[in-house]
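Numbering (the numbering used here), first residue to last: 24 to 281.
Ideal Cβ placement from N, Cα and C applies to all residues, glycine included.
Predicted model, so just to flag it, every value in this text is computed and none were measured.
Here the structure is laid out as structure tokens; the discussion comes afterwards.
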Amino acid sequence: MTDLQITALREILSASKSLVFFTGAGISVPSGIPDFRSADGLYMQKEFEGATPEEIISHTYFYKHPGTFYRFYREKMLYPAARPNAAHRWIASLQTPERHVTVVTQNIDGFHSEAGSETVYELHGSAHRNLCPACGAAYSIEELLNHLDSEGIPRCPNDGKMMKPDVTLYEEPLKAPVIEGAIDAISHADTMVIIGTSLVVYPAASFVRYFRGEHLILINKTPTDYDGMAELALYEDVIDVVRTLKEPDFKSFLEVTV
């Protein structure tokens, strides 16, 4: 990360009137949530009760083996004590009366909204919403954890039916209104900033193709297949980028330790 790159990034963001951020698991790693494909990522872990992580977080497995799914989900995917970090807060701070900021995220942690971003499209849903398919009641993570039966399966207190996290599992389609909103935001933005994603999960990664604006920026620890399209590609931890951009005001984004 050179001074020239930081200067260019600062100038682009300052001049932009319509920003869209496309974020993946890497932006939440500083909050203590593992990513998926790094050496210590979720998919690199050993089998869990005889199944791979990718098998477990599928529609078929959820309904065939809900007890195992929920044990994995609670132990490996839920982090109720984790909080947004400086990168989430920095993105939220860029919203002004003169600049519209939209976030399109692949993450289910809800951190962008919690940090203050107003327009957020959660492509894969949110762990903070847990639904009863029978009565339609919605429950928080805490409520889900407080209504487990003897097998560790969360049951709706209204009718006893099994809850389902409002997250998109493998074999399930993305929700049409979310897709439409995300594509519309991307196609009308003048600047798109991609953070913390390897851009290999489809169909979400294909949304980058809808960008028609002036400035495409990538911030990721490792190269991606889309780097050749980018005006700037920074192979850095996003927290380091925010720290460099915002010094000496970086401490204002540290409401929690990152």
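Closest by C-alpha distance to Ser30, when choosing among Val52, Leu277, Ala227 and Glu270: Before going further, note that residue 30 is Thr rather than Ser in the sequence given. The shortest Cα separation from Thr30 among Val52, Leu277, Ala227 and Glu270 belongs to Glu270.
8 Å Cβ cutoff met for Asn85 and Leu192: The displayed chain sequence assigns Phe, not Asn, to residue 85. Yes, the Cβ-Cβ distance between Phe85 and Leu192 is below 8 Å.
Endpoints, the beta strand (DSSP E) within which Val191 is located: Note that residue 191 corresponds to Thr in the displayed sequence, not to Val. In the DSSP assignment, Thr191 falls outside any beta strand (DSSP E), carrying neither H nor E.
Residue range of the beta strand (DSSP E) that includes Ser41: Ser41 to Thr46
Sheet register partners of Asn153 (DSSP bridge): Tyr162 and Pro188
Alpha carbon of Pro200 to alpha carbon of Gly73, nearest angstrom: 36 Å
Bounding residues of the beta strand (DSSP E) (the contiguous stretch that carries His123): His123 to Thr128
contact_flag[the region 79 to 95, the region 139 to 148] where n(CB pairs < 8 Å) is 3 or more: No contact exists between the region 79 to 95 and the region 139 to 148.
Secondary structure of Ile218, DSSP reduced to three states: strand
Beta-carbon proximity list for Gly47, same chain, < 6 Å, skipping 5 on both sides: Answer for Gly47: Gln129, Gly219 and Thr220, listed in chain order.
Close-in-space but distant-in-sequence residues of the same chain around Ala152 (CB under 7 Å, 5 per side omitted): The sequence given here places Arg at residue 152; Ala does not occur at that position. Cβ neighbours of Arg152 beyond the five flanking positions: Ala161 and Asp189.
DSSP three-state assignment for Thr245, whether helix, strand or coil: It is coil, neither helix nor strand.
Start-to-end residues for the alpha helix (DSSP H) that takes in Leu32: Asp26 to Ala38
Where His283 falls: helix, strand or coil (DSSP): Residue 283 lies beyond the range of the chain shown here (24 to 281); nothing can be said about it.
Where Gly73 sits in the DSSP three-state scheme: coil
Reduced DSSP category for Thr270 - H, G, I as helix; E, B as strand; rest coil: Strictly speaking, residue 270 in this sequence is Glu, with Thr absent from that position. Correct three-state label for Glu270: coil.
Contact test: Glu259 Cβ vs the ligand COA heavy atom, cutoff 7 Å: In terms of ligand content, the structure shown is empty, and the ligand COA therefore cannot be addressed.
Touch test, the region 170 to 184 against the region 200 to 217, Cβ-Cβ under 8 Å, three pairs minimum: No contact exists between the region 170 to 184 and the region 200 to 217.
Burial state of Lys187 (16 or more Cβ within 10 Å): So Lys187 counts as buried.
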